[in-house]
Amino acid sequence: MVLGAGLVGSVIARDLSCDFDVLLVDRDEGALGRARERCPSLTVQRADVREPAAWLEQAKRADVVAGALSSELGYAALEALVEAGCAVVDIAFFDRDARALDARARATGARVVFDMGLAPGMSNILAVDAAGRLDEV
612 MVLGAGLVGS VIARDLSCDF DVLLVDRDEG ALGRARERCP SLTVQRADVR
662 EPAAWLEQAK RADVVAGALS SELGYAALEA LVEAGCAVVD IAFFDRDARA
712 LDARARATGA RVVFDMGLAP GMSNILAVDA AGRLDEV
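When you read off a place in the sequence shown, starting at 1, and then add 611, the result is the number in the working numbering.
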């Protein structure tokens with residue numbers, strides 16, 4: 612499942628759909644339509660992520676949820692996903708510290724990787740990995 616059919620979310624959904632069944636969720640019918648035109652195998656659902664009741668049951672059934680929402684929408688969605696015990700990878704940079712959700716994620720069994728955008732995100736992980744391979748930093 613991918614939350615957000617914008618520039619990045621639609622590409623994540625398209626790439627994943629090569630090997631997996633993907634549900635793309637967004638409130639923008641136009642964005643969902645454009646994503647389906649580029650990738651007819653996508654399943655799309657129009658839903659407002661600010662209303663978890665509209666999409667959370669599908670998220671619970673998904674192997675993993677990729678969050679590709681704005682910071683404001685993404686954090687609220689992440690809170691709902693953690694509460695539901697979902698596996699989540701999120702690309703947004705949050706203006707709040709997502710580590711605050713750690714205790715709840717452990718309690719619900721949620722698995723969360725956050726701040727996984729290109730930079731910051733993946734660049735930070737690669738930098739830490741590279742630093743760990745050096746004798747001195």
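Even for Gly, the Cβ is constructed at its ideal location relative to N, Cα and C.
Looking at the secondary structure, which residues open and close the alpha helix (DSSP H) in which residue i lies?
{"i": "L566", "result": "The requested residue 566 is not part of the displayed model; the chain covers only 612 to 748."}
{"i": "A714", "result": "713-719"}
{"i": "R672", "result": "667-672"}
{"i": "D740", "result": "734-743"}
Could you name the residues of the same chain whose beta carbon sits closer than 6 Å to that of residue i, not counting the 5 residues immediately before and after it, in chain order?
{"i": "C650", "result": "R625, S628"}
{"i": "V759", "result": "This structure leaves residue 759 out entirely; the chain is present only between 612 and 748."}
Could you check which residue in the options has the C-alpha nearest to that of residue i?
{"i": "D639", "options": "D674, R661, S652", "result": "R661"}
{"i": "L689", "options": "A721, A742, F631", "result": "A721"}
{"i": "V636", "options": "A658, A714, L667, A677", "result": "A658"}
{"i": "G696", "options": "E668, I623, R645", "result": "E668"}
{"i": "A730", "options": "A677, F704, A665", "result": "F704"}
{"i": "L684", "options": "D701, R672, A646, M727", "result": "D701"}
{"i": "G728", "options": "A742, A679, A714, A709", "result": "A679"}
Shorter than 8 Å from the beta carbon of residue i to some beta carbon of chain D?
{"i": "P663", "result": "As a matter of chain content, chain D is missing from the structure shown, which is built from one protein chain."}
Alpha carbon to alpha carbon, how far is residue j from residue i? Give it in angstroms, no decimals.
{"i": "R744", "j": "N735", "result": "14 Å"}
{"i": "F631", "j": "Q656", "result": "17 Å"}
{"i": "T719", "j": "A616", "result": "27 Å"}
{"i": "V675", "j": "A709", "result": "18 Å"}
Buried or exposed for residue i, please, with buried defined as at least 16 other CB atoms from any protein chain shown within 10 angstroms of its CB.
{"i": "G644", "result": "exposed"}
{"i": "L692", "result": "buried"}
{"i": "S621", "result": "buried"}
So residue i is in the beta strand (DSSP E); what residue range does that whole segment cover?
{"i": "R638", "result": "Neither: R638 is in no beta strand (DSSP E) and is coded neither H nor E."}
Take residue i and list the residues in its own chain whose beta-carbon comes closer than 8 Å to its own, dropping the five residues that flank it on each side.
{"i": "S682", "result": "A703, F704, F705, D706"}
{"i": "A742", "result": "V748"}
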